[in-house]
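Colleague: There's a structure below that I have some questions on.
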Ligand code: FEO
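In our numbering, the protein residues as written are 117 to 252.
The structure is reproduced here in C-alpha cells:
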C-alpha cells in the first residue's frame, strides 16, 4: 500500500499539470519505502536529482502558461518555485554532513508540505483563471 495516494483534492483541473504533480507523490512514496528499509539517507541523492529535474520541467511549464494567460499572481508564485529549488540545493549540501542523518525526515516533511500547501493551495489558485481561458 502506498504511503500517499493521489486524490482528486490535489487536482488543479489541468491534465498535464496533474500528471506532473503526481511525481511529487511518487517521490514521497519512494522516500517512505527507502526509510522503512533503513536506506533513507542513501536514497536522497537520486531523489534530489529527480526533484531538480521535476522543477526544471514542471515549473517552466507552469510559469510559461501563467505568463501566456496573464495570471495576476505570477510573480509570487514564481518566487515559491525558486524557494523550492533553493531548499533542494541546501539539502544537497547537507546530505554528507553529520546533520545528514536526520535529513530524510526533513525532506519528507518538506515534500509533504509542498504537496499540501503549494500544489494543494497555491497551484489550485490558478485553476479558475486557466479554466476560464479554456485551459484544462
Ligand atoms: Fe505545480 Fe507551482 O508548482
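All residues carry an ideal CB built from backbone N, CA and C; glycine is no exception. Treat the numbers as computed from the prediction; the structure is a model and nothing was measured.
Taking a contact to mean a Cβ-Cβ separation below 8 Å, would you say residue 251 touches residue 181 in this structure?
Modeller: To locate residue 251, count along the chain shown from 1; it is residue 135. To locate residue 181, count along the chain shown from 1; it is residue 65. Yes; because the gap between Cβ atoms is below 8 Å, this pair is in contact.
Colleague: Over the uninterrupted alpha helix (DSSP H) stretch that includes residue 211, give me the two end residues.
Modeller: Here residue 211 is taken as the residue at index 95 of the chain shown, counted from 1. Element bounds for residue 211: n/a, residue is neither H nor E.
Colleague: By DSSP, does residue 129 sit in helix, in strand, or in coil?
Modeller: Along the chain shown, one-based indexing puts residue 129 at 13. Looking at residue 129 - three-state DSSP - the assignment turns out to be coil, as it is neither helix nor strand.
Colleague: Does the distance between the C-beta of residue 197 and the nearest non-hydrogen atom of ligand 2 fall short of 7 Å?
Modeller: Absent from the structure shown: ligand 2. Ligands present: ligand 1.
Colleague: Straight-line CA distance for residue 147 to residue 224?
Modeller: To locate residue 147, count along the chain shown from 1; it is residue 31. To locate residue 224, count along the chain shown from 1; it is residue 108. Taking the straight line from one Cα to the other gives about 7 Å.
Colleague: Can you check which of these residues, 168, 221, 122 and 238, is closest to residue 202 by C-alpha distance?
Modeller: The count along the chain shown starts at 1 and reaches residue 202 at position 86. Looking at the Cα atoms, 168 is the closest of the given residues.
Colleague: Using a Cβ-Cβ cutoff of less than 7 Å, which residues in the same chain neighbour residue 193 once the five nearest sequence positions on both sides are dropped?
Modeller: Along the chain shown, one-based indexing puts residue 193 at 77. Once the five neighbours on either side are set aside, the close Cβ partners of residue 193 are 182 and 238.
Colleague: Is residue 229 near ligand 1, with its Cβ less than 7 Å from a heavy atom?
Modeller: In the chain shown, counting from the first residue as 1, residue 229 sits at position 113. Every heavy atom of ligand 1 is 7 Å or more from the Cβ of residue 229, so no.
Colleague: Please state whether DSSP places residue 202 in a helix, a strand or coil.
Modeller: Here residue 202 refers to the residue found at position 86 of the chain shown. Helix, per DSSP.
Colleague: Throw me the rounded Cβ distance for the residue 219 and residue 200 pair, which I believe falls under 8 Å.
Modeller: Within the chain shown, residue 219 is the residue found at index 103, counting from 1. Within the chain shown, residue 200 is the residue found at index 84, counting from 1. That pair is no contact at about 16 Å.
Colleague: My output table needs one value for residue 248: the three-state DSSP class, helix, strand or coil.
Modeller: On the chain shown, residue 248 is found 132 positions in, with the first residue counted as 1. DSSP places residue 248 in helix when its eight states are reduced to three.
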